[in-house]
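Please read the structure below before turning to the comments.
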Amino acid sequence: MVAAPFSPTSAPGKAATLPGSTLIPTEDEARAALEAHRQSIDNIDAALIHMLAERFRQTQAVGELKARARMPAADPQREARQIARLRELAHAARLDPDFAEKFLAFIIREVIRHHDSIAGRTPGASA
């Protein structure tokens, strides 16, 4: 369950505060807002882990297929297309495309390492 976003405070005698507001929240308001944001972050982190696990289940199947077919672990053309696609997605989502590319590059390195391992090759060796 995703936590509700911070909402204005309208208790009698208190000014309404919103994220990005120039009004200074009380410590209690700030703590409540922090807790809501942190709960949201925790939920997103959990979703990321589950999504990465599913992604690696799929790449495991790809690696096994490549090994049986004696195909190379790496596919530079596919990787280049994926990087370009993710950079576009990142830009559209207002996420730094360089960060998205670095994140994908890390995942690709891990996938290739797993594929090499499945095929019984030394990581990085030519197939």
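Numbering-wise, our numbering puts 1358 at position 4 of the sequence shown, and it's gapless, one number per residue.
Ideal placement from N, C-alpha and C gives every residue a C-beta, glycine not left out.
I think residue i touches residue j, with their Cβ atoms under 8 Å apart; what is that distance to the nearest whole Å?
i: arginine 1441; j: glutamate 1455; result: 6 Å
i: leucine 1406; j: isoleucine 1437; result: Not quite, the Cβ-Cβ distance comes to about 18 Å (not below 8 Å), so this is no contact.
i: isoleucine 1462; j: glutamate 1433; result: 6 Å
i: proline 1379; j: alanine 1387; result: 7 Å
i: alanine 1421; j: alanine 1473; result: 4 Å
Nearest by alpha-carbon distance to residue i: which of the options is it?
i: alanine 1428; options: Thr1380, Ile1378 and Ser1471; result: Ser1471
i: proline 1430; options: Val1465, Arg1411 and Ala1400; result: Val1465
i: arginine 1424; options: Pro1451, His1469 and Ala1400; result: His1469
Since residue i is in the alpha helix (DSSP H), which residue starts that stretch and which ends it?
i: methionine 1405; result: 1381 to 1422
i: aspartate 1450; result: Premise fails: aspartate 1450 is in no alpha helix (DSSP H) and is neither H nor E.
Using a threshold of 7 Å, is the CB atom of residue i nearer than that to any non-hydrogen atom of the ligand ATP?
i: aspartate 1429; result: This structure does not include the ligand ATP; it has no bound ligands of any sort.
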